[in-house]
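Q: Chains as they are written, first to last, in our numbering: chain A, 2 to 387; chain B, 36 to 165; chain C, 834 to 1181.
Each residue gets a CB set at the ideal place from its N, CA and C atoms; glycine is no exception.
In this text the structure is predicted, and so the values were computed from the model without any measurement.
Below is a structure I'd like to ask you about.
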Amino acid sequence: MRDVAVLGVGLNSKWGELWEMSLRDIFVEAALNALDDAGVDRVDSIVVGCMTSGLFVGQEHLGSLMSDYLGMNPAAATRVESACASGGAAFRQGFLEVASGAADIVLVGGVEKMTDVGGDEATYALSAASDMEYEAYHGITFPGLYALIARAHMHRFGTTREQLAHVAVKNHRHGARNPAAQYPYEITVEDVLASVMVADPLRVLDCSPITDGAAAAVLCPVETARKLSKKPVVKVLASAQASSTIALHSRKDLTWFESTAEAAQKAYRMAGKRPEDIDVAEVHDCFTIAEIVVLEALGLVERGKGGQAAESGMTALGGKIPVNTSGGLKSKGHPVGATGVAQVVEIARQLRGESGARQVEGARVGLTQNMGGTGGSSVVHIFETV
Amino acid sequence: MANPARYWREIPQRYRLEAGKCKTCGTVFFPPRLVCAQCRSRSFETVRLSDQGTLVTYTVIRVGPSQFADQTPYAVGIVELDGGVRITAQIADCDFEKLAVGLRLRVEFRRIQKQGEAGILCYGYKCVPA
Amino acid sequence: MAGIIGYGAYIPRYRIKVEEIAKIWGADAPNYKRGLGLEEKSVPGPDQDTITMSVEAAKKALRRAGIDPREIGAVYVGSESHPYAVKPSGTVLAEAIGATPDVHSASFEFACKAGTEAMFVCLCQVESGRIKYGLAVGADTSQGAPGDALEYSTAAGAAAFIFGRDHVVAEVDETYSFMTDTPDFWRREYQHYPRHAGRFTGEPAYFKHIRGAAQGIMKKAGLQPKDFHYVVFHQPNGKFPLNVGRQLGFTREQIETGRLVPKLGNTYSGSSPMGLTAVLDVARPGDRILLVSYGSGAGSDAFIFTVTGRIDEVRDKAEHTRALLDGHKVYIDYGTYAKYRGKILKAE
Chain A
2 MRDVAVLGVG LNSKWGELWE MSLRDIFVEA ALNALDDAGV DRVDSIVVGC
52 MTSGLFVGQE HLGSLMSDYL GMNPAAATRV ESACASGGAA FRQGFLEVAS
102 GAADIVLVGG VEKMTDVGGD EATYALSAAS DMEYEAYHGI TFPGLYALIA
152 RAHMHRFGTT REQLAHVAVK NHRHGARNPA AQYPYEITVE DVLASVMVAD
202 PLRVLDCSPI TDGAAAAVLC PVETARKLSK KPVVKVLASA QASSTIALHS
252 RKDLTWFEST AEAAQKAYRM AGKRPEDIDV AEVHDCFTIA EIVVLEALGL
302 VERGKGGQAA ESGMTALGGK IPVNTSGGLK SKGHPVGATG VAQVVEIARQ
352 LRGESGARQV EGARVGLTQN MGGTGGSSVV HIFETV
Chain B
36 MANPARYWRE IPQRYRLEAG KCKTCGTVFF PPRLVCAQCR SRSFETVRLS
86 DQGTLVTYTV IRVGPSQFAD QTPYAVGIVE LDGGVRITAQ IADCDFEKLA
136 VGLRLRVEFR RIQKQGEAGI LCYGYKCVPA
Chain C
834 MAGIIGYGAY IPRYRIKVEE IAKIWGADAP NYKRGLGLEE KSVPGPDQDT
884 ITMSVEAAKK ALRRAGIDPR EIGAVYVGSE SHPYAVKPSG TVLAEAIGAT
934 PDVHSASFEF ACKAGTEAMF VCLCQVESGR IKYGLAVGAD TSQGAPGDAL
984 EYSTAAGAAA FIFGRDHVVA EVDETYSFMT DTPDFWRREY QHYPRHAGRF
1034 TGEPAYFKHI RGAAQGIMKK AGLQPKDFHY VVFHQPNGKF PLNVGRQLGF
1084 TREQIETGRL VPKLGNTYSG SSPMGLTAVL DVARPGDRIL LVSYGSGAGS
1134 DAFIFTVTGR IDEVRDKAEH TRALLDGHKV YIDYGTYAKY RGKILKAE
């Protein structure tokens, strides 16, 4: 397998409710930004990560659509889906194409256009990441599923309602420094605790929002990157993916994400790194409790102690291991299919020293963790400047 | 969601809690499967799950999908039925303050959804305090 | 001899008091309570209907009967609130209890006596030998038009009976039916609420037909009111069963055990059948019971039962009806009641 580098990255300019932009507009804007950043004009292959353009806008065949609208025909183009891990899974596919020698320059893009449907249809579309017949049929909802995890974690480890709130507060503090974020402003613990209850104990401010947005990355062999780019070369040290049961009730342990733990183990092994070596991470905080459990599954904190991470400042900018310097899904937004790729964009910029007000000083090794549904799939990547 | 054929084929599970027990290793799957996730065997027998269980975790949905508007807020949880199989189900007839990990429950037949005012009615299991 | 081999009832948890309804319509609550002999009624939850209640009542009947549901040859639900106008409630019920596919089913309707009609037909099928066991249910989630007098009493509940020839709990000694074309209460196709003819629903309707069936069956059986330990009448309100009982020569004591209406309301097709389950919960072997239903339109079905020794073995295999009525209740306000009963106009 060849060594793979991230040659260029880009997002569309702002994430949020983009009434004037269609699904293809958003993707093309992000892709062009990434191509410009990479300094290339043509690619061999395109991989599109998107959870469900079918349910949100009634559009399928995104590979062909995006290749066409980017003027890249006849490049091979495919859509990859893994619910909320679609972006990370798409990035993994792009990585494999370059690593295997099947392609030399690959564009990976993640996109979701969520506001062309009303709240009810959006909820339905998102619920498709769960077991439709045995979870969604009973009206569990996504916040409901994560609320079940939160209750189990609180019951077993004594994680508190305030500790959950600290995750949202920290991510907003980071997001306030990110002009492209959907909600680039700070919030307080009191704000979180006073927000409307959605699914006990999770409130509105524990939940990532509905967002339109896209992110893209250009991949090529490390050797090519050294030739083409003047920027620090960001190498993909590891790419790993793992699955777990689709239904939460089929898991042995409701307070753990087996797919994340598995993917992380594989990734650390492949990268020759340990959790302590990670300088900065972007993880899947679809709900505040998710970040808490993910940190444990990544081995960044001890089992059961995830609640203390944000509360103690460990995962804040300036802390031991800054997590979600972009603002995370909570503050930056969560256009489902785009998230996994946007995580790569943030880490690449951190490792290149381009993160400005949210720069982690001396960051050399970064990790992204993207997760689908309630942990039915997880994708973990590790990056290093070489 | 409630297309007739799609609903109808799950009736043995929704109405009678029919599960599949692997003949080789004894693991029970609900709903039944074609291949055992434990031992890869493809040989199963039909068994019925217990109608008694214990609440493992729960939440109260306060912002729910519109088809549950008349019932919101409602409680949902993961229930471990006696015998070990877990299901996701609404917890009905229970004051929210009484919800607790470990609460003993029994299964009751309820209407889960309706397909509008003219579509089919979809029934299934909910759990009530034992 | 054929008879009931298992029985069960179901009452939803919610209740609304007469005062709560009266408050909304500016009615004189104390007077209504006195006049109707009614304090509160049961209300079905938004996830309950005639089918769900029938299933739960039938499961209790099965527990008491101790039979394999696959041996049930017919499943009939009598109601005036079948969830489907076309597709029998019994199809879902039979599937839920595991009686399918070798089974008859149909939906019965005869206002409040649809349940006892279903019971009669099951009994006959068993007596003829065509089926081994038959399940008959009387259940309703009856609807009262907002502001109408009936809104105080229309309630929800179900009673299920399994009929058979072996290990009988209550033998059927005699049956009778008395029916005429009397338009006292009806609902036209596509109308949401039924209509009634006010005071005409009394003497020419309820009283005439109950007396007709009761006197008819007692004459046929050569029995008198004093020969019965219990009598259960259809209960549209607390007063009517006491009045007709007095007219026929029964005592208050004979009537009281099966008179659930003051705290339950009128469960329509479930009304007298549920009263019968409450009697079976406390009856002793050898007790003779008279059951007389009434359905508007109009007619009454009568049955004479004799309780067997087996009652002592089965009565405690499921919850008693009085316990369902008095325990775990939750009072709701009129707004919640209107929401649950679909009386609030929603957007398309």
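1) For Pro845 (chain C) and Lys1162 (chain C), I'd like the C-alpha separation in whole angstroms.
2) With contact counted as at least three CB pairs below 8 Å, one residue from each stretch, are the segment 356 to 368 of chain A and the segment 190 to 201 of chain A in contact?
3) Please confirm whether any heavy atom of the ligand GTP lies closer than 8 Å to the CB of Ala894 (chain C).
4) Say whether the segment 276 to 287 of chain A touches the segment 317 to 332 of chain A, bearing in mind that this needs 3 or more beta-carbon pairs closer than 8 Å, one atom from each stretch.
5) When the Cα atoms are used, what is the spatial distance from Glu277 (chain A) to Leu301 (chain A)?
6) With a threshold of 8 Å on Cβ separation, who are the neighbours of Leu296 (chain A) within its own chain once the five nearest residues in sequence on each side are excluded?
7) Does the distance from the C-beta atom of Val114 (chain B) to that of Ile126 (chain B) stay below 9 Å?
8) Find out if the Cβ-Cβ distance for the pair Met52 (chain A), Glu136 (chain A) is shorter than 9 Å.
9) Name, in chain order, the residues that DSSP records as bridge partners for Cys287 (chain A).
10) So the candidates are A:Trp257, A:Asn172, A:Glu134 and A:Ala358; which of them puts its Cα closest to the Cα of Arg41 (chain B)?
11) Using C-beta distances below 7 Å, list every residue in its chain close to Gly334 (chain A), excluding the 5 sequence neighbours before and after it, in chain order.
12) In three-state DSSP terms, what is Asp973 (chain C)?
13) Here's the rule I'm using: 16 or more other beta-carbon atoms within 10 Å means buried, otherwise exposed. How should His1029 (chain C) be labelled?
14) What's the gap between the Cα of Arg162 (chain A) and the Cα of Arg97 (chain B)?
15) When you check each C-beta in the segment 142 to 170 of chain A against every C-beta of chain B, which residues fall closer than 7 Å?
16) So which residues on chain A does Val111 (chain B) lean against when the C-beta distance must stay under 7 Å?
17) Which whole runs of the alpha helix (DSSP H) in the segment 300 to 331 of chain A are 4 residues long or more, in chain order?
18) For the alpha helix (DSSP H) containing Lys1041 (chain C), name the first residue and the last one.
19) Under 8 Å Cβ-Cβ, which residues of chain B neighbour Asp254 (chain A)?
20) Indicate whether at least one CB of chain B lies closer than 9 Å to the CB of Met198 (chain A).
21) How close, in whole Å, do the beta carbons of Ala6 (chain A) and Leu108 (chain A) come, if the pair is a contact with beta carbons under 8 Å?
22) Taking a Cβ distance cut-off of 8 Å, strictly less, list which residues of the segment 88 to 99 of chain B are near chain A, in chain order.
23) Helix, strand or coil, according to DSSP, for Asp207 (chain A) in the structure here?
24) With three or more C-beta pairs closer than 8 Å as the rule, is the segment 1096 to 1109 of chain C touching the segment 974 to 993 of chain C?
25) Taking the beta strand (DSSP E) that Ile838 (chain C) belongs to, which residues open and close that run?
26) Please classify Ala1156 (chain C): is it buried, with 16 or more other beta-carbons within 10 angstroms of its beta-carbon, or exposed?
27) What do you get for Asp121 (chain A), buried or exposed, if any count of 16 or more other CB atoms within 10 angstroms of its CB means buried?
28) What in chain B is Cβ-close to Asp69 (chain A), meaning under 9 Å?
29) With Met198 (chain A) as the anchor, note down where its beta strand (DSSP E) starts and where it stops.
30) Is the distance from the Cβ of Ile322 (chain A) to the Cβ of Ile279 (chain A) below 9 Å?
31) Flag Gly61 (chain B) as yes if its beta-carbon sits less than 9 Å from any beta-carbon of chain A, otherwise no.
32) Out of B:Tyr109, B:Gly61 and B:Pro66, point me to the one whose CA is closest to Ser76 (chain B)'s CA.
33) Report yes or no: do three or more beta-carbon pairs, one from the segment 1056 to 1072 of chain C and one from the segment 1080 to 1089 of chain C, lie closer than 8 Å?
34) Counting only Cβ pairs nearer than 9 Å, list the residues of chain C close to Lys133 (chain B).
35) Can you give the Cα-Cα distance for Phe64 (chain B) and Asp105 (chain B), rounded to whole angstroms?
36) Taking the straight line between their C-alpha atoms, what separation do you get for Phe1033 (chain C) and Pro1027 (chain C)?
A: Quick answer:
1) Position 12 of the third sequence, counting from 1, holds the residue named residue 845 (chain C). Position 329 of the third sequence, counting from 1, holds the residue named residue 1162 (chain C). Just so you know, the alpha carbons of Pro845 (chain C) and Lys1162 (chain C) end up roughly 8 Å apart.
2) No, the segment 356 to 368 of chain A does not touch the segment 190 to 201 of chain A.
3) The ligand content of the structure shown is nil, which means the ligand GTP is not present either.
4) Because the criterion of three Cβ pairs below 8 Å is met, the segment 276 to 287 of chain A and the segment 317 to 332 of chain A touch.
5) Counted from its first residue, the first sequence places residue 277 (chain A) at position 276. Counted from its first residue, the first sequence places residue 301 (chain A) at position 300. Here the C-alpha atom of Glu277 (chain A) lies approximately 7 Å from the C-alpha atom of Leu301 (chain A).
6) Taking the first sequence and counting its residues from 1, the one referred to as residue 296 (chain A) is at position 295. Cβ contact annotation for Leu296 (chain A) (same chain, cutoff 8 Å, sequence separation greater than five): Val284, Val302, Gly307, Ala310, Thr316 and Val324, in chain order.
7) Locating residue 114 (chain B) in the second sequence gives position 79, where the first residue counts as 1. Locating residue 126 (chain B) in the second sequence gives position 91, where the first residue counts as 1. Ile126 (chain B) is positioned such that its CB atom lies closer than 9 Å to that of Val114 (chain B).
8) Within the first sequence, the letter at position 51 stands for residue 52 (chain A). Within the first sequence, the letter at position 135 stands for residue 136 (chain A). Their beta carbons are not under 9 Å apart, which means Met52 (chain A) does not touch Glu136 (chain A) by this criterion.
9) In the first sequence, residue 287 (chain A) corresponds to position 286, counting from 1. Checking the DSSP bridge columns, you'll see Cys287 (chain A) has no partner listed.
10) In the second sequence, the residue the question calls residue 41 (chain B) occupies position 6. Cα-wise, what sits closest to Arg41 (chain B) is A:Glu134.
11) The count along the first sequence starts at 1 and reaches residue 334 (chain A) at position 333. The answer, listed in chain order, is Trp16, Gly17, Ala182, Gln183, Pro210, Thr212 and Gly214.
12) Within the third sequence, residue 973 (chain C) is the residue found at index 140, counting from 1. DSSP, read as helix, strand or coil, puts Asp973 (chain C) in strand.
13) Position 196 of the third sequence holds residue 1029 (chain C). Sixteen is the threshold: when 16 or more other Cβ atoms of the shown chains lie within 10 Å of the Cβ of His1029 (chain C), as they do, the residue is buried.
14) As a position in the first sequence, residue 162 (chain A) is number 161, starting the count at 1. As a position in the second sequence, residue 97 (chain B) is number 62, starting the count at 1. In this structure, the alpha-carbon of Arg162 (chain A) lies about 17 Å from that of Arg97 (chain B).
15) The residues in question are Thr142, Gly145, Ala148, Leu149, Arg152, Ala153 and His156.
16) Working through the second sequence from its first residue, we reach residue 111 (chain B) at position 76. Chain A residues near Val111 (chain B): His139, Gly140, Ile141 and Gly145.
17) As far as the segment 300 to 331 of chain A is concerned, its whole alpha helix (DSSP H) runs of at least 4 residues are 307 to 313.
18) Along the third sequence, read from residue 1 onward, the residue named residue 1041 (chain C) stands at position 208. Following the DSSP letters along the chain, one finds Lys1041 (chain C) inside the alpha helix (DSSP H) bounded by residues Lys1041 to Ala1054.
19) As a working mapping, residue 254 (chain A) is identified with position 253 in the first sequence. Here the premise fails: no neighbours, minimum Cβ distance about 11 Å.
20) Within the first sequence, residue 198 (chain A) is the residue found at index 197, counting from 1. At least one chain B Cβ lies under 9 Å of Met198 (chain A).
21) Mapped onto the first sequence, residue 6 (chain A) falls at position 5. Mapped onto the first sequence, residue 108 (chain A) falls at position 107. About 14 Å; that fails the 8 Å criterion.
22) Cβ contacts with chain A: Val91, Thr92, Tyr93, Thr94, Val95, Ile96, Arg97, Val98 and Gly99.
23) In the first sequence, counting from the first residue as 1, residue 207 (chain A) sits at position 206. Reduced to three states, the DSSP call for Asp207 (chain A) is helix.
24) The segment 974 to 993 of chain C vs the segment 1096 to 1109 of chain C: in contact.
25) As a first step, residue 838 (chain C) must be located in the third sequence, where it is residue number 5. Looking at the DSSP string, the run of the beta strand (DSSP E) that includes Ile838 (chain C) is Gly836 to Tyr843.
26) Against the third sequence, residue 1156 (chain C) aligns to sequence position 323. Taking every protein chain shown into account, the CB of Ala1156 (chain C) has fewer than 16 other CB atoms within 10 angstroms, so this residue is exposed.
27) The residue labelled residue 121 (chain A) in the question sits at position 120 within the first sequence. It is exposed - the Cβ of Asp121 (chain A) has fewer than 16 other Cβ atoms within 10 Å.
28) For the purposes of this step, residue 69 (chain A) is taken as the residue at position 68 of the first sequence. For Asp69 (chain A), none of the residues of chain B pass the 9 Å Cβ criterion, the least Cβ distance being about 33 Å.
29) Locating residue 198 (chain A) in the first sequence gives position 197, where the first residue counts as 1. Where Met198 (chain A) is concerned, the enclosing beta strand (DSSP E) stretches over Met198 to Ala200.
30) One-based indexing of the first sequence puts residue 322 (chain A) at position 321. One-based indexing of the first sequence puts residue 279 (chain A) at position 278. Annotated as proximal: Ile322 (chain A) and Ile279 (chain A), with beta-carbon spacing under 9 Å.
31) Along the second sequence, one-based indexing puts residue 61 (chain B) at 26. No, Gly61 (chain B) does not count as interfacial toward chain A.
32) Locating residue 76 (chain B) in the second sequence gives position 41, counting from the first residue. Among B:Tyr109, B:Gly61 and B:Pro66, the Cα nearest to that of Ser76 (chain B) is on B:Gly61.
33) With the cut-off at 8 Å, the segment 1056 to 1072 of chain C and the segment 1080 to 1089 of chain C touch.
34) Here residue 133 (chain B) is taken as the residue at index 98 of the second sequence, counted from 1. Ordered by position in chain C, no residue passes the 9 Å Cβ test against Lys133 (chain B), which lies about 11 Å from the chain.
35) Residue 64 (chain B) sits at position 29 when you count from the first residue of the second sequence. Residue 105 (chain B) sits at position 70 when you count from the first residue of the second sequence. Spanning the alpha carbons of Phe64 (chain B) and Asp105 (chain B) requires a straight line of approximately 32 Å.
36) Residue numbering aside, residue 1033 (chain C) sits at position 200 when the third sequence is read from its first letter. Residue numbering aside, residue 1027 (chain C) sits at position 194 when the third sequence is read from its first letter. A straight line joining the alpha-carbon of Phe1033 (chain C) with that of Pro1027 (chain C) spans about 15 Å.
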